[in-house]
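Q: In my numbering, the protein residues as written are 31 to 283. Just so you know, even glycine gets a beta-carbon here, dropped at the ideal spot from N, CA and C. Okay, handing you the structure first.
Okay, here's the thing in structure tokens:
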């Protein structure tokens, strides 16, 4: 077993070391798909643990000996993000297990962050103060992420947590951060980052105009560009899904 604990949370070390034994049988599951997320109460902390699925053989070798696991990356990236003021739940640590010399399971541990809703809850729906939220979302993305050379590669609806504050203000935080790049984010690359929220043209227009203002760019051109980036992204995803259906011999209808 390999693990690392944030020095700020040394009292949680025993909890992290015991995760391979305790995760499956304890805690409250709040999400279960390819990966599973559970909440635990431990020594006064409300702890969020993400258990990643066991990888395929190539990654069993790679994660064991060649490169970091998703859990390790999540921990390292969270520390780096918070150092520059980009919000993500506070990292506690991670644990990895090996079996017969190959990578097996991994767990990312953080403070559980409560929030009011995600971008998923408003995209495509009637939602109070939606345009204001989308404008603030564009500002958060530019000021906290892109200006700090943070490129979230899975910047999708469910990964953006939003908390209501007073006077029409909102706080944003990002999760599912194991796929990141820390690189310069020029205007077009930054604008393209919004294509993953899978929004309507009207919603994209609000985001594009605000992002263009922040970058000193033409708003009308920004709207056209983002809508085109969005169309390309949706075509790529839908095409991939169609190919998978055909490979499985499924009828689309």
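Which partner residues of residue 253 appear in the DSSP bridge assignment?
A: None, per the DSSP bridge assignment.
Q: Which residue comes first and which comes last in the alpha helix (DSSP H) that contains residue 90?
A: From DSSP, the alpha helix (DSSP H) with residue 90 extends over 87-91.
Q: Among 67, 123, 229 and 204, which residue has its Cα nearest to the Cα of residue 260?
A: It is 229 whose Cα lies nearest to the Cα of residue 260.
Q: Are the beta-carbon atoms belonging to residue 13 and residue 72 less than 8 Å from one another?
A: Lying before the first or after the last residue shown, residue 13 is absent from the chain, which here runs from 31 to 283.
Q: What does residue 121 pair with, by DSSP beta-bridge criteria?
A: Partner(s): 140.
Q: For the alpha helix (DSSP H) containing residue 245, list its first residue and its last residue.
A: Counting along the chain, the alpha helix (DSSP H) containing residue 245 begins and ends at 231-245.
Q: In this structure, how does DSSP classify residue 58 when only helix, strand and coil are distinguished?
A: Residue 58: strand per DSSP, three-state reduction.
Q: Could you spell out the range, first to last residue, of the beta strand (DSSP E) harbouring residue 80?
A: Looking at the DSSP string, the run of the beta strand (DSSP E) that includes residue 80 is 75-82.
Q: Which of the three DSSP states is assigned to residue 42 in this structure?
A: In this structure, residue 42 counts as helix in the three-state DSSP scheme.
Q: With a CB to CB cut of under 6 Å and the five nearest residues on each side skipped, what residues in its chain are close to residue 170?
A: 202.
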